[in-house]
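This report concerns only the one structure given below.
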Amino acid sequence: MKALSLIGLEKVYANGVRALDGINLEVDEGDFFALLGPNGAGKTTAIGIITSLVNKTAGKVEIFGHDIDQELEIAKSMIGVVPQEINFNQFEKVFNIVVNQAGYYGIPRAEACRRAEKYLRQLELWEKRDQISRSLSGGMKRRLMIARALVHEPRLLILDEPTAGVDIEIRRSMWEFVKGINEAGTTIILTTHYLEEAENLCRNIAIIDEGRIIEHNRMDRLLRKLHKEIVLLNLAGPVEAAPELDGYLCRRVDEETLEVEITDQRGLSALFEQLNSRGIVVQSMRNKSNRLEELFMDLVENRAGRQQAAAEGKS
Amino acid sequence: MRHRENWIGFKTIVLKELSRILRIWMQTLLPPVITMTLYFIIFGNLIGRRIGLMDGFDYMQYIAPGLIMMSVITNSYGNVVSSFFGAKFGKYLEEMLVSPLPNWLIILGHMAGGMARGLMVGIAVTIIALFFTELQLHSLPVTLSVALLTSAVFSLAGMINAIFAKKFDDIAIVPTFILTPLTYLGGVFYSINMLPEFWQGVSRANPILYMVNAFRHGILGVSDIGLGTAYAIIMVFLVVLFTTALMLMRKGVGIRD
Ligand SMILES: Nc1ncnc2c1ncn2[C@@H]1O[C@H](COP(=O)(O)OP(=O)(O)OP(=O)(O)O)[C@@H](O)[C@H]1O
Ligand SMILES: [Mg+2]
Numbered sequence: 009m010k011a012l013s014l015i016g017l018e019k020v021y022a023n024g025v026r027a028l029d030g031i032n033l034e035v036d037e038g039d040f041f042a043l044l045g046p047n048g049a050g051k052t053t054a055i056g057i058i059t060s061l062v063n064k065t066a067g068k069v070e071i072f073g074h075d076i077d078q079e080l081e082i083a084k085s086m087i088g089v090v091p092q093e094i095n096f097n098q099f100e101k102v103f104n105i106v107v108n109q110a111g112y113y114g115i116p117r118a119e120a121c122r123r124a125e126k127y128l129r130q131l132e133l134w135e136k137r138d139q140i141s142r143s144l145s146g147g148m149k150r151r152l153m154i155a156r157a158l159v160h161e162p163r164l165l166i167l168d169e170p171t172a173g174v175d176i177e178i179r180r181s182m183w184e185f186v187k188g189i190n191e192a193g194t195t196i197i198l199t200t201h202y203l204e205e206a207e208n209l210c211r212n213i214a215i216i217d218e219g220r221i222i223e224h225n226r227m228d229r230l231l232r233k234l235h236k237e238i239v240l241l242n243l244a245g246p247v248e249a250a251p252e253l254d255g256y257l258c259r260r261v262d263e264e265t266l267e268v269e270i271t272d273q274r275g276l277s278a279l280f281e282q283l284n285s286r287g288i289v290v291q292s293m294r295n296k297s298n299r300l301e302e303l304f305m306d307l308v309e310n311r312a313g314r315q316q317a318a319a320e321g322k323s
Numbered sequence: 004m005r006h007r008e009n010w011i012g013f014k015t016i017v018l019k020e021l022s023r024i025l026r027i028w029m030q031t032l033l034p035p036v037i038t039m040t041l042y043f044i045i046f047g048n049l050i051g052r053r054i055g056l057m058d059g060f061d062y063m064q065y066i067a068p069g070l071i072m073m074s075v076i077t078n079s080y081g082n083v084v085s086s087f088f089g090a091k092f093g094k095y096l097e098e099m100l101v102s103p104l105p106n107w108l109i110i111l112g113h114m115a116g117g118m119a120r121g122l123m124v125g126i127a128v129t130i131i132a133l134f135f136t137e138l139q140l141h142s143l144p145v146t147l148s149v150a151l152l153t154s155a156v157f158s159l160a161g162m163i164n165a166i167f168a169k170k171f172d173d174i175a176i177v178p179t180f181i182l183t184p185l186t187y188l189g190g191v192f193y194s195i196n197m198l199p200e201f202w203q204g205v206s207r208a209n210p211i212l213y214m215v216n217a218f219r220h221g222i223l224g225v226s227d228i229g230l231g232t233a234y235a236i237i238m239v240f241l242v243v244l245f246t247t248a249l250m251l252m253r254k255g256v257g258i259r260d
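Here it is in structure tokens:
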């Protein structure tokens, strides 16, 4: 069963911006799916269309097989969304925000209160239940929106940058929390600019740029496409210049740091052997950047090439 | 199919609206009470005593139904326009838009909220009126139904105003330049029989005239126009405004990009 399918989705805003240019995307039930892309790529627009906050220009959206043009109310009842921007009444009490949302989904008051308590506790907001929501910190506001999105226990949860501006500790606990929800069977779609987050959490991934899907794959397969990694070596003592290494590109960053490009045919052991034989002792090593990040940059930077290919394809 | 869910959703909107009205009562309930007290003192008591009878009633009695109606109209309108525009402006309208609440229910919920405020204020103003004059009750069904239907009409009008509004100024324009003049010219303070023929005709184009007079009929038993015509006109407005609001919501005018 597909939790979500987008077919030929297009959006042109009133001001003429073409935010989505024919998106096709499928997300399986139970998946933890990352929707990545640079600022302005069209992620929030796509989510807006799926959650009926934005009118589509063309294309089709199905939620668990229910077309939003034909069975809008059923489709909507299956989705929970945590938007990128705060959208609750800042003068309302935390508890009421969650309970009212349940009411909009047709959940009886008593049950709504019970669930509001459950999710506010899980998101560590129960102590704040009687506060006016404006008085919450930024991270608490995000968690409040998660509790609100879950109160009708949706089968598909969409998170639009839920961890933006959230501190490391809370971010980690949010990861654990959404992982648990996913393991319990909820399909999750996540957008984020922290690629390490996507790499850790998600099984499948789509990368969107300028309104088009430029990559749609399993996370592990995608990472395997990355044939090289750049590592930084911290040395025990200073070096005068970058050593000449057989089969590795090496650059001296400063007197105690080297940057080495490792391709997947060569591996690491030969590198250390060569360094040892030159008397260079490595104290520690780390990746220059996250693997997914490198891939992402490759893909997005290749924009010009893609445009050319598209132009050639059309002519 | 989803009757039960819809009913719960409707109740949720209405309760939320009620708690908003009560929470900010200094903005929602107090001002009309003060204004209307002033009207009764100045127009009814001080000036009214010099006016003499109108349609067989002393002036205070004559204007009381009109003033009650005026507060019902402005408060129903004002409630929905500020609550709905506030939700749109503060983005929390999205809470309802992502939920399975059908559009007609969102409209009905806000309409009911506006009617609740209209009635609360209407009752408060009636009580104030009773301090100044005696009011009989010619017909309770007419009085109640006209008050309810009128507040429904102006709640819907406020909703449509909020749908189109882009900034806070936009929610003050219609009340100031259309609603208030029409109310003042809608026979709140005088009987149109006092006007020259031509202006009587012009006055008949004003829907508020029919509502005020039908309500006055309910309380005092006198009216410048027929009751049947009044109900017909109110019903037409109700249907047209509801359909317009529904169409706008469907299209997403002013609320969806
Ligand atoms: N309401 C709007 N009216 C006009 N253009 C819009 C509107 N909302 C978004 N856009 C434009 O559509 C494009 C896609 O925006 P969108 O918000 O979907 O990007 P995004 O991928 O979510 O970006 P970010 O990572 O910054 O959140 C951008 O060019 C943006 O300027
Ligand atoms: Mg976005």
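Same order as they appear, the protein sequences are chains A and B.
So the first sequence is numbered by our numbering: it starts at 9 and just counts up by one.
So the second sequence is numbered by our numbering: it starts at 4 and just counts up by one.
The beta-carbon is built from N, C-alpha and C at its ideal position, and this holds for glycine as well.
Asked, Found
"Residue closest to A/Arg179, alpha-carbon to alpha-carbon, out of A/Leu276, A/Gly193, A/Asn208", "A/Asn208"
"Reference A/Arg211; option with closest CA among A/Ala22, A/Tyr21, A/Gly38", "A/Gly38"
"8 Å Cβ cutoff, A/Pro251 in contact with chain B", "no"
"Cross-chain neighbours of A/Pro116 in chain B, by beta carbon under 8 Å", "Ile11"
"Cβ of A/Gly48 within 8 Å of any chain B Cβ", "no"
"8 Å Cβ cutoff met for A/Ile197 and A/Thr59", "no"
"Integer Cβ distance of B/Leu251 from B/Ile163, believed to fall under 8 Å", "7 Å"
"Contacts of B/Glu97 in chain A (Cβ-Cβ under 8 Å)", "Leu61, Pro91, Asn95"
"For A/Gly146, the three-state DSSP class (helix, strand or coil)", "helix"
"Residues bridged to A/Gly275 [DSSP beta-bridge criterion]", "Its beta-bridge partners do not exist; DSSP assigns none."
"3 or more residues per run - each beta strand (DSSP E) lying fully within the segment 195 to 238 of chain A", "195 to 199, 212 to 217, 220 to 226"
"Ligand 2 heavy atom lying under 7 Å from the CB of A/Thr200", "no"
"Reference B/Met72; option with closest CA among B/Thr246, B/Arg120, B/Leu25", "B/Arg120"
"Under 8 Å between C-beta atoms of A/Phe304 and A/Ile215", "yes"
"Top-ranked residue by Cα proximity to A/Ala118, from A/Tyr112, A/Glu302, A/Val107, A/Gln139", "A/Val107"
"8 Å Cβ cutoff, A/Ser297 in contact with chain B", "no"
"Rounded C-alpha distance that separates A/Ile105 from B/Ser86", "16 Å"
"Close Cβ partners of B/Phe218 (< 6 Å) along its chain, the five nearest in sequence each way excluded", "Pro68, Met72, Val149"
"Nearest to A/Met148 (by Cα), restricted to the options A/Leu133, A/Glu161, A/Arg137, A/Met9", "A/Leu133"
"Any non-hydrogen atom of ligand 1 closer than 7 Å to B/Asp260 Cβ", "yes"
"Cβ neighbour criterion (16 or more within 10 Å) applied to B/His6", "exposed"
"A/Asn310, buried or exposed, once every other Cβ within 10 Å from all chains shown has been counted against 16", "exposed"
"DSSP three-state assignment for B/Ser226, whether helix, strand or coil", "coil"
"Euclidean distance between Cα positions of B/Gly93 and A/Phe96", "7 Å"
"Test: A/Lys51 CB closer than 8 Å to a CB of chain B", "no"
"Cβ separation of A/Ala157 and A/Val90, assumed to be a contact under 8 Å, to the nearest whole Å", "5 Å"
"Test: A/Gly67 CB closer than 8 Å to a CB of chain C", "The structure shown contains no chain C; its protein chains are A and B."
"Proximity to B/Glu137 [Cα-Cα], best of B/Tyr65, B/Ile195, B/Leu198, B/Ser74", "B/Tyr65"
"Proximity test, Cβ basis, 8 Å: A/Ala22 and chain B", "yes"
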